[in-house]
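So the structure is just underneath, and the comments pick up after that.
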Amino acid sequence: MRQRSKPATAVPPPASDGGPEDSGGKPVFSPAGTTPWSPQRDASPLSTSSEVLSSADSSSACESSPRSSSSCSDGDDEQRRVGNRGGVTGAANAAAASADYSKSRSARAKRWLKKNLIPEFVHEYGRTVYGGNPLSQQTLPGVFNYPSPFILVPIFYVLMVPFLIVGGAVLVKGRQQHIIEQEYSHIHQYQYVPSNTSVNINQGILQFTADGVTHVQGTRTWLEINISRGILAPVYMYYKISNMHQNHRDFHRGRSNSQLRGKSTIDKTYTCQPYTYPGFRNNKGETPITITDATGRQVTRPARYFTYNPCGIAPWSKFNDTFVLYRKLTPAEVLQASISGVPVLHGGVDGTTPVELICNGTDFGLKGEPLDGSVAVNRCSKMGISWKADRNIRFHNMTLREDWWSLYYPYPTTNEYLRNGWYLDEPGHSLPDPSDYDLQVWMRASFTSNFRKLYRIIDMPLYPGTYLVDISEFYDVVSFRGRKSVVLQHTNWIGGPNIGLGVIFILMGCLSFILGVTFTVECLLQLNGVNRYERLDEPKRSWYVFPPNEPEFASYYQLRLRRHIPMAQLQSLRKAVAVLEDLVHASETAPLTQQQSNSDTEVSGAGGNGHLA
């Protein structure tokens, strides 16, 4: 690193009675191009000493000749004029020196950061003799493994064992899995508005009155499921929907995350279209809605004044079929129950089939709390069907506002849809509650058009026999050519009968075995002196074999040697280059310094000649 010389300073001459100093004894003259407050960065010690000597000589000359005091004064005035003429040059030099000082300070800061904060291997390791940044030169440290057969062969044999073991375990455990899946949408082909009343059955198990008109919805369906092999507890009960694209962008974006988190503001309302506010979809945004506000007076607002809470197509399309699972009793079990005096439930299509309640999916609150409304012991649970992150972070209790159309509207109103928490002009279609676990499961968008969602968790095993599922259908899939199914499954450590994963593991184990045998044979052949490069025909042999005696190989070797030079040698070369750069810089600045010193000497000589004259 080049050392900076100290700035040149004028040495004040000895005080005398008739000298040119002021009363304070301060010098009144500085060499041209320099000022006491603007140090010269590149001034050499030679120039500094010459300036001091010239100043001292002139002072001593004036002191030794009292007769020529006027001449000394004239000479001093001339020196002042020269100094004043050089003031512009001095200011420019001062500005340049200040800029150089700032640059040197920033350079020192960069070096300090590089030394203390950046790991050494990042800016040192791999730096080539060509210079440049190791990152741009692609010379950062790396591991280059040149494996030999003695390493590859054991690796392949070792990998073969876990692949075969895990693949076999996945296949065996997958065969032990028993999944019951049965479709029920084809039984009645339910639609909100039947296209064909003889095919699309709407029994109207629920009735809703709005605007003086009674609307009927829902169909009751009994699904019979035969379980030939028992299913261990816990048994997970799913509903499956086919040909519904939850992976569509409109479904994924069709929500307000701030609303779902319970905040009082809504972000990006355009993502909720077409279910942003009542009447948006059917151009009835001017429908008058009469409410009683917080002050107790009745006001009429247009429908577009309100905002659905929650808004968007994702909560609007929530699945709302319900399931109740029964086990069909055998005649012996019915006889035993009648002897012991235990009441027997009856169900089925005709209502005469003796059954035992297993899971009543409707006997739970929004957050999985049991409602205890079942006629028998309910052996399933709603707790645990949603993710912990959904329960604690993504979904919270909704915020109630005057302009938010929600399930629990806080102010009196004459509008039946708003009072009942329905979507406008959709009687019976209630807005969901973000704290409902069923909604949280539904809002987890699927990656495919065929998906299943967890409905309930049964905490008892399902033994072989006949089971009946009482289904209340309210969800229309016929309109988009979809299908609905019920799925019963026990999940183990592999998640299900994943035959494809087991086959992949088996194939990888077989491939590892084949490669291990191949490399073993090749290694034995090489040990016996078989040289396959000599048996290659041209031009393949020239592609794979590089003659060591050719000039191209020697040139390539020299280039590689120069580029991948050892680190210690590279650092020594860099130090040598730094020393050479300092020498070059010193040789460039020396003539400039000598020239400045000569000019200062000439100025001093001119002052002395005037004095002698």
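Sequence positions in the sequence shown follow full-length UniProt numbering and run 1 to 613. Idealized CB from N, CA, C, for every residue including glycine.
Residues bridged to Pro288 (per DSSP) = The beta-bridge partner set that DSSP reports for Pro288 consists of Pro302.
Per DSSP, cross-strand counterpart(s) of Pro354 | In the DSSP assignment, Pro354 forms a beta bridge with His346.
Excluding five sequence neighbours on each side, which residues of the same chain lie with their C-beta closer than 7 Å to the C-beta of Gly204?
-> Taken in chain order, the residues that qualify are Val216, Gln217 and Gly218.
Would you report the Cα separation of Gly384 and Tyr236, rounded to the nearest angstrom?
-> Rounded to the nearest angstrom, the two C-alpha atoms are 11 Å apart.
Every unbroken beta strand (DSSP E) inside the region 183 to 247 [3 residues or more] | Listed in chain order, they are 206 to 210, 213 to 217, 219 to 227 and 235 to 242.
What is the C-beta distance between Lys240 and Tyr467, in whole angstroms, given that I count them as a contact (C-beta under 8 Å)?
-> Contact between Lys240 and Tyr467 fails: their C-beta atoms lie close to 17 Å from each other, not under 8 Å.
Helix, strand or coil: which one does DSSP assign to Thr265?
-> Thr265: coil per DSSP, three-state reduction.
Backbone secondary structure at Phe447 - three-state DSSP | In the structure shown, Phe447 sits in coil (DSSP, three-state: anything other than H, G, I, E or B).
Entirely within the region 451 to 538 and at least 3 residues each: give me those beta strand (DSSP E) ranges in chain order.
-> Segments of the beta strand (DSSP E) lying fully in the region 451 to 538: 451 to 458, 465 to 473 and 483 to 489.
Rank Gln298, Glu224 and Phe474 by C-alpha distance to the C-alpha of Thr322 and give the top, closest one.
-> The residue with the shortest Cα to Cα distance from Thr322 is Phe474.
If we count the other Cβ atoms within 10 Å of its Cβ and call it buried at 16 or more, is Val299 buried or exposed?
-> Val299 should be labelled exposed.
Compute the Euclidean distance between the alpha carbons of Tyr411 and Glu286, then round it to the nearest angstrom.
-> The alpha-carbon atoms of Tyr411 and Glu286 are separated by roughly 20 Å.
For Gly168, which of Phe505, Thr520 and Leu536 has the nearest alpha-carbon?
-> For Gly168, the nearest C-alpha among the options comes from Phe505.
Confirm, please, whether the CB-CB distance from Leu462 to Ile231 is below 8 Å.
-> Closer than 8 Å, so yes.
Would you mind listing the beta strand (DSSP E) stretches within the region 344 to 420 that are 3+ residues and don't spill past its ends, in chain order?
-> Segments of the beta strand (DSSP E) lying fully in the region 344 to 420: 345 to 347, 353 to 360 and 404 to 406.
If you check the beta carbons only, do Gln182 and Ser449 fall under 8 Å apart?
-> Contact flag unset, no.
Under the three-state DSSP convention, the category Asn84 falls into = The predicted position of Asn84 is uncertain, since its pLDDT is 46 and thus under 50; a value taken from the coordinates is nonetheless stated next. In the three-state reduction of the DSSP assignment, Asn84 falls in the helix class, which pools H, G and I.
Does DSSP classify Val143 as helix, strand or coil?
-> Val143 sits in coil when the DSSP states are folded into three classes, being neither helix nor strand.
Label Thr593 either buried or exposed according to how many other C-beta atoms from any shown protein chain fall within 10 Å of its C-beta, with 16 as the threshold for buried.
-> Label assigned to Thr593: buried.
Cys359 vs Arg456 beta-carbon contact at 8 Å = Arg456 sits close to Cys359, with the two beta carbons spaced by under 8 Å.
For Asp267, collect the residues of the same chain with a Cβ closer than 8 Å to its Cβ; drop the 5 residues on either side in sequence, then sort them by chain order.
-> Cβ neighbours of Asp267 beyond the five flanking positions: Ser256, Asn257 and Ser258.
Distance, Ala389 Cα to Asn202 Cα = Cα-Cα distance, rounded: 38 Å.
Can you tell me the Cβ-Cβ gap for residue 616 and Leu152, rounded? I've got them flagged as a contact below 8 Å.
-> The displayed coordinates of the chain run from 1 to 613. Any statement about residue 616 would go beyond what the structure contains.
Following the continuous alpha helix (DSSP H) through Tyr437, name the residue where it begins and the one where it ends.
-> Judged by DSSP secondary structure, Tyr437 falls within the alpha helix (DSSP H) whose first and last residues are Tyr437 to Trp442.
Close-in-space but distant-in-sequence residues of the same chain around Gly496 (CB under 8 Å, 5 per side omitted) | For Gly496, where only same-chain residues beyond five positions count, the Cβ hits under 8 Å are Gly174, Gln177, Ile179 and Gln489.
For the ligand FAD, any of its heavy atoms closer than 7 Å to the Cβ of Leu462?
-> The ligand FAD is not among the ligands present in this structure, which contains no ligands whatsoever.
Chain-order list of residues whose beta-carbon lies under 8 Å from that of Ala294 (same chain, five-residue window excluded) | The residues are Glu402 and Tyr411.
Please say whether Trp442 and Tyr308 have beta carbons closer to each other than 8 Å?
-> The answer is no: Cβ separation not under 8 Å.
DSSP state of Ile165, grouped into three classes?
-> Helix, per DSSP.
Among Glu552, Ile165 and Val478, which one has its Cα closest to the Cα of Gly502?
-> Answer by Cα proximity: Ile165.
Is Val324 closer than 8 Å to Gly365 when the C-beta atoms are compared?
-> With contacts defined by Cβ atoms closer than 8 Å, Gly365 and Val324 do not form a contacting pair.
Is the CB-CB distance between Ile471 and Arg379 below 8 Å?
-> Contact: no.
In angstroms, rounded to a whole number, what distance separates the CA positions of Leu223 and Pro154?
-> Roughly 57 Å separates the two Cα atoms.
Is it the case that the Cβ atoms of Gly312 and Leu424 are separated by a distance below 8 Å?
-> In this structure, Leu424 does not lie closer than 8 Å to Gly312 by Cβ.
From Leu454 to Val193, what does the alpha carbon distance come to, in whole angstroms?
-> For Leu454 and Val193, the gap between their C-alpha atoms comes out near 28 Å.
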